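Protein sequence lines correspond, in order, to chains A and B. Numbering follows our numbering, in which position 373 of the first sequence is assigned residue number 373; successive positions increment by one, without gaps. Numbering follows our numbering, in which position 51 of the second sequence is assigned residue number 51; successive positions increment by one, without gaps. Quick notes on the structure that follows.
2 protein chains.
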Amino acid sequence: MTQFINRKEDIVQEAIDGLIATSGGRIARLDGYPHIRVVLRNDWDRSRVALVSGGGSGHEPAHAGFVGPGMLTAAVCGDVFASPSVDAVLAGILAVTGPAGCLLIVKNYTGDRLNFGLAAERARAFGLNVSMVVVDDDIALPDLPQARGVAGTLFVHKIAGALAEAGASLEDVSVTATRVIAGTRSIGMSLDTCTVPGALKEDRIARGKAELGLGIHGEAGVEQVDYSDARSAMAIVSQKLGAFLAPGGNYVALLNNLGGASVLEMSVLAHELAHSDLAGRISHIVGPATMMTSLDMRGFSVSLCPATPETLAALETTTPLHNWPGVARLSKPDIIDLPDGLRPIRPLASQHPPTRDFLIRCCEILIAAEADLNALDAKTGDGDTGSTLAGAAKALIKAMDRLPLADHTQLYRAIGQELSETMGGSSGVLLAIFFAAAGDAAASGQTMGEALQAGLARMQEIGGARPGDRTMIDALEPALRVLPQGIAAAARAARNGANGTAEMVQARAGRAAYINTEQLRGQVDPGAEAVARLFEQLVAPV
Amino acid sequence: MTQFINRKEDIVQEAIDGLIATSGGRIARLDGYPHIRVVLRNDWDRSRVALVSGGGSGHEPAHAGFVGPGMLTAAVCGDVFASPSVDAVLAGILAVTGPAGCLLIVKNYTGDRLNFGLAAERARAFGLNVSMVVVDDDIALPDLPQARGVAGTLFVHKIAGALAEAGASLEDVSVTATRVIAGTRSIGMSLDTCTVPGALKEDRIARGKAELGLGIHGEAGVEQVDYSDARSAMAIVSQKLGAFLAPGGNYVALLNNLGGASVLEMSVLAHELAHSDLAGRISHIVGPATMMTSLDMRGFSVSLCPATPETLAALETTTPLHNWPGVARLSKPDIIDLPDGLRPIRPLASQHPPTRDFLIRCCEILIAAEADLNALDAKTGDGDTGSTLAGAAKALIKAMDRLPLADHTQLYRAIGQELSETMGGSSGVLLAIFFAAAGDAAASGQTMGEALQAGLARMQEIGGARPGDRTMIDALEPALRVLPQGIAAAARAARNGANGTAEMVQARAGRAAYINTEQLRGQVDPGAEAVARLFEQLVAPV
């Protein structure tokens with residue numbers, strides 16, 4: 001699978017420039033391309049503690065996407081999955097550090113530790129007050145003393161960011177960051193590997209398997225587990241994390257998209273997390289959101305951090321960065337009763353023999369036309385127009401005794417309701433709309449002719465078909481237009497309109513839009529034919 | 001590729017429940033599962049115009065993810081890529097519509113038009129004031145009068161949402177929505193098809209091809225084009241959109257991730273958009289962000305809407321919904337000068353023959369040990385420890401004339417600087433950190449012994465290795481501990497420490513951590529051996 005990139009060498013720079021260009025001037029970068037790629041707040045006055053993070057690229061929006069008020073002051077960006085140089089980190093520190101000092105937030109990878117560590121030493125030689133914390137939240141490798149830093153890093157960014165923004169001292173920010181790191185645990189699971197730009201995609205996860213305990217650099221997970229569904233996936237993750245929870249106290253969960261899971265999947269995973277064994281210990285949640293990715297990896301991670309009042313207060317402070325999804329109580333969905341009125345109000349049935357006779361005659365005309373209309377439809381569609389109309393007509397005859405026949409205003413709506421319940425497909429909905437809108441017009445005092453015109457107008461508006469589009473409208477529209485001159489005139493107009501559809505070789509609505517020109521030529525549209533037959537036979541029944 | 005879902009039938013419900021559970025109580029749902037899936041604001045008092053949107057699922061975060069203050073009042077969710085029923089839409093309308101009325105915002109697909117349209121008719125029969133607008137922003141099929149509704153719908157949600165939130169009348173909101181729709185144009189491009197839950201993934205896009213003008217339901221694009229890189233992809237999209245721009249006036253662009261592009265790729269595409277032929281006409285941008293997806297499709301779309309003052313004002317109003325990325329000026333990246341201090345400050349060279357002799361002797365010991373140390377490393381590592389140390393030692397001898405030999409405080413830092421520039425790998429960085437930290441300690445008045453201990457402590461902190469981890473620290477730590485008793489004691493301690501590494505069969509840091517136990521048994525760590533040899537031979541040179 002190809003990707004939306006240009007030259008491999010330019011990816012990180014172009015991505016940074018794209019991020020800055022769309023930031024509304026909120027962030028800027030240092031003039032150090034290609035080796036020094038530092039993104040920093042454009043409104044920074046060095047009056048408070050600076051927070052500098054970063055590392056290899058490929059984890060977007062981390063870290064540059066979290067530079068802004070209330071989070072990071074600067075991000076130092078290496079190549080994809082490669083630590084930035086000591087000089088780059090030093091440039092970032094020097095660019096943002098004032099008298100209040102600077103905290104480096106580093107994920108626990110050797111390259112990052114060393115390069116950020118040496119840069120800190122160099123910055124100290126300039127007399128700057130620089131501290132460094134190392135995030136090691138991953139529990140995938142419990143025997144490794146050097147646990148990796150993964151998405152739990154976001155907790156540190158946000159909490160330290162809130163403190164620094166509020167003017168806390170470097171010592172206070174560092175102590176808090178250290179405490180957050182000590183309490184934070186994460187694990188991830190993936191169904192597929194990521195696509196490293198310029199490298200062949202590794203295909204090591206078989207169908208029916210998932211990798212558990214993966215890092216965020218495409219490295220293999222600690223183990224492959226059987227994968228069946230989202231529920232069992234979250235159960236495994238919950239069980240692993242559960243083993244690390246301290247007794248008592250609630251946690252904030254951070255549900256992170258590793259890059260390639262769909263938003264739909266992430267919501268399903270959120271649902272599973274809310275129903276997992278951990279749910280009783282989770283009071284708040286950050287996400288689901290795409291925060292610390294491994295490029296396009298179809299995976300997720302869950303991070304947990306103790307929900308102390310101080311932690312929650314810091315997580316809840318606002319930031320204009322839309323990549324930070326906020327923190328919310330994890331709650332059972334509120335369910336609101338269905339509104340009244342979903343069951344249609346049936347008007348009182350009433351008798352009116354002439355109306356009854358007229359409607360039954362209309363229905364019988366359509367029932368008699370079933371075979372002819374089906375045959376016509378078979379040439380240009382799926383051959384069921386006749387059956388659909390005949391079926392609706394038969395149902396309407398059966399419903400005759402519950403219709404408000406003596407109240408024509410109510411009658412339109414009632415017919416529309418019956419048709420929408422008994423007639424399948426879009427034609428049923430369109431005719432229901434026709435009669436409902438006609439009923440509205442009649443109810444507001446319009447004549448029958450005006451009411452039917454109003455129905456036609458609404459049907460066209462909703463259905464989108466216009467005269468000339470080869471639909472029933474090509475017969476109905478001219479017929480209704482001349483209806484004030486009598487039904488015979490309407491019948492002639494409908495027939496002319498219907499016949500005209502045989503020359504319309506470019507269907508623009510309905511199913512015939514998918515049929516090619518030559519198949520359509522010479523064939524009358526079955527919907528228009530039905531309208532013409534109805535009017536013709538009302539004038540001169542067979 | 002499998003997905004993070006459970007039963008296909010439950011996806012939409014579970015995703016909605018996950019969304020609500022993580023919303024902090026901001027949204028709720030109607031009690032209509034499984035057929036009626038309506039998400040609505042939990043704080044809604046019907047005092048203003050209600051905005052109801054929705055359609056098939058699979059476009060997340062649209063539409064339920066945009067329900068909240070300043071955007072939608074309710075979203076009606078169908079199955080994946082299938083319109084919701086008339087009853088479901090009606091339930092949504094009835095649940096939120098008050099005296100101010102309701103606007104339905106519908107994407108231009110037959111099913112949605114009909115079902116929302118009929119629901120509107122039914123709601124009107126209850127005396128509710130309901131309007132409907134149909135979004136048709138897609139330009140992919142210019143000959144089709146029924147242009148599809150795609151990501152440009154977000155402009156309508158946000159702009160109408162801002163007006164409704166501010167208390168505008170239904171007529172005003174509808175007129176504005178209609179105007180926005182008339183001016184909005186979109187087109188999308190994808191490198192791969194989406195994975196429809198429960199269906200086999202269609203594999204219709206060959207490598208080196210992209211689909212242009214695709215819909216958001218997995219339907220094929222209007223054409224397949226050659227794909228080479230992000231730049232040419234954006235050029236094609238720009239050219240297609242450019243043909244539809246009205247003369248004069250600026251536009252707001254909305255850059256949408258169709259679901260499966262990585263955040264890195266989206267930033268690269270933003271960079272390309274900012275440098276495209278369209279850039280001169282784009283004053284503002286929304287995104288890049290994941291807003292209207294086609295499940296996990298690796299694609300993007302660009303939508304343009306005229307940037308009138310009214311449009312911008314509405315787009316700029318705040319909403320707590322993090323799925324809305326905000327609108328920003330599209331600007332050239334601000335570039336800030338590199339800070340001073342990246343070039344290390346070289347202390348003034350000075351002469352001090354005893355120090356010079358001592359340093360050269362240390363270097364010569366390491367140079368002489370090259371072959372032995374390489375041989376040792378070959379058994380447990382990559383065989384270059386001797387060469388790395390000898391190389392650094394030779395470079396240090398060469399640098400002797402520029403070192404501040406008479407100022408021991410400065411000398412530590414200067415040695416650190418030389419090592420970081422000449423010695424590759426993590427050991428070079430670690431020794432640089434050792435000497436830099438020792439220099440800091442010496443500068444603050446500590447004795448040589450204390451300064452070296454401070455260097456050791458910092459090296460351990462940054463490098464993460466502890467005594468017992470089978471590294472040079474196993475010799476260095478005991479040596480420095482007894483150094484106050486003299487160099488002979490230190491040499492004995494270093495030798496004991498180094499020999500002890502042969503029994504450490506579980507390396508916990510450095511490259512030997514990847515070697516299995518049996519290969520390590522009986523082998524002394526080459527770094528520890530180097531330290532031991534250095535001290536031993538300083539006592540009793542060969």
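Where a beta carbon is used, it is the ideal one built from N, C-alpha and C, also for glycine. A quick note: this is a predicted structure, and the numbers were derived from the prediction, not measured.
Taking the DSSP output, what are the residues bridged to S57 (chain B)?
-> Partner(s): B:V80.
Note down, in chain order, every chain A residue with its Cβ under 8 Å from the Cβ of D337 (chain B).
-> L30 and D31
Closest Cα partner of R402 (chain A) within the set A:I336, A:Q351 and A:F81 = A:Q351
Alpha carbon to alpha carbon, how far is A390 (chain A) from G425 (chain A)? Give it in angstroms, no decimals.
-> 14 Å
Output, in sequence order along the chain, the residues in the segment 224-238 of chain B whose CB is closer than 7 Å to any CB in chain A.
-> Y227, D229, A230, R231 and A233
Since V39 (chain B) and S57 (chain B) are thought to touch, with beta carbons under 8 Å apart, how far apart are those beta carbons, to the nearest angstrom?
-> With a contact defined as Cβ atoms closer than 8 Å, V39 (chain B) and S57 (chain B) miss out at about 11 Å.
Using 8 Å as the limit for Cβ to Cβ distance, is Q3 (chain A) near chain B?
-> Yes, Q3 (chain A) lies at the interface with chain B (some Cβ there is under 8 Å from its Cβ).
Quick one: does N42 (chain A) have its CB under 8 Å from some CB of chain B?
-> By this cut-off, N42 (chain A) is an interface position.
Between the C-alpha atoms of T308 (chain A) and S283 (chain A), what's the straight-line distance to the nearest angstrom?
-> 11 Å
Helix, strand or coil at D10 (chain A) [DSSP, three-state] = helix
Following the continuous alpha helix (DSSP H) through F155 (chain A), name the residue where it begins and the one where it ends.
-> T153 to E165
Through-space distance from S85 (chain B) to L118 (chain B), alpha-carbon basis | Between L118 (chain B) and S85 (chain B), the C-alpha separation is close to 10 Å.
Burial state of P404 (chain B), where buried means 16 or more other Cβ atoms lie within 10 Å = buried
Would you mind working out which of A:V134, A:P339, A:E165 and A:A235 sits nearest A177 (chain A), comparing C-alpha positions?
-> The candidate whose alpha carbon is nearest that of A177 (chain A) is A:V134.
Who are Y251 (chain B)'s beta bridge partners in DSSP?
-> B:I282 and B:P306
With 8 Å as the limit, tell me which residues of the segment 285-310 of chain B have their beta carbon closer than that to any beta carbon of chain A; keep them in chain order.
-> Residues of the segment 285-310 of chain B that bring their beta carbon within less than 8 Å of a beta carbon in chain A comprise I285, G287, P288, A289, T290, T293, L295, D296, R298 and F300, in sequence order.
Decide yes or no for the touch test of the segment 527-534 of chain B against the segment 470-479 of chain B: beta carbon pairs closer than 8 Å, at least 3 of them.
-> yes
Enumerate in chain order the residues of its own chain whose CB-to-CB distance from V542 (chain A) is below 6 Å, with the five nearest sequence positions on each side excluded.
-> Residue confidence for V542 (chain A) is low, a pLDDT of 49 falling below 50, so the modelled location carries little weight; the figure read from the coordinates is stated next. Contacts found: none.
Per DSSP, K107 (chain B) is paired with what?
-> Partner(s): B:V135.
The beta strand (DSSP E) enclosing R48 (chain B), as first and last residue numbers = First-last for R48 (chain B): undefined, no H or E at that position.
Does the distance from the CB of E303 (chain A) to the CB of G152 (chain A) come in under 8 Å?
-> Note that residue 303 (chain A) is Ser in the sequence shown, not Glu. Taking 8 Å as the Cβ cut-off, S303 (chain A) and G152 (chain A) qualify as a contacting pair.
Find out if the Cβ-Cβ distance for the pair I285 (chain A), R29 (chain B) is shorter than 8 Å.
-> no
List the residues of chain B that G24 (chain A) touches, going by C-beta distances under 9 Å, in chain order.
-> H284, I285, G326, V327, A328, R329, L330 and S331
First and last residue of the beta strand (DSSP E) that includes G416 (chain B)?
-> Unbroken run through G416 (chain B) is the alpha helix (DSSP H), H408 to T422; no beta strand (DSSP E).
Any idea if L141 (chain B) is buried or exposed, counting beta-carbon neighbours within 10 angstroms, 16 or more meaning buried?
-> exposed
Is L241 (chain B) buried or exposed, if buried means 16 or more other CB atoms sit within 10 Å of its CB?
-> buried
Compile a chain-ordered list of the residues in the segment 113-127 of chain A whose CB is closer than 9 Å to at least one CB of chain B.
-> R113, L114, N115, F116, G117, L118, A120, E121, R122, A123, R124, A125 and F126
When burial is assigned at 16 or more other CB atoms within 10 Å of the CB, is P197 (chain A) buried or exposed?
-> buried
Evaluate the contact criterion for the segment 520-527 of chain A versus the segment 229-236 of chain A: three or more CB pairs, one atom per stretch, below 8 Å.
-> no
Under 7 Å Cβ-Cβ, which residues of chain A neighbour T110 (chain B)?
-> Result: S426.
Check whether the segment 94-114 of chain A touches the segment 426-439 of chain B, taking contact to mean three or more Cβ pairs, one atom from each stretch, closer than 8 Å.
-> yes
Beta carbon proximity, N250 (chain B) to chain A, threshold 8 Å | no
Using 8 Å as the limit for Cβ to Cβ distance, is E60 (chain B) near chain A?
-> yes
Have a look at A:E529, A:K8 and A:V539 and flag the residue whose alpha-carbon is nearest the alpha-carbon of V268 (chain B).
-> A:K8
Integer-rounded CB distance, given that S131 (chain B) should sit under 8 Å from L103 (chain B) = The pair is a contact, with the Cβ atoms about 5 Å apart (cut-off 8 Å).
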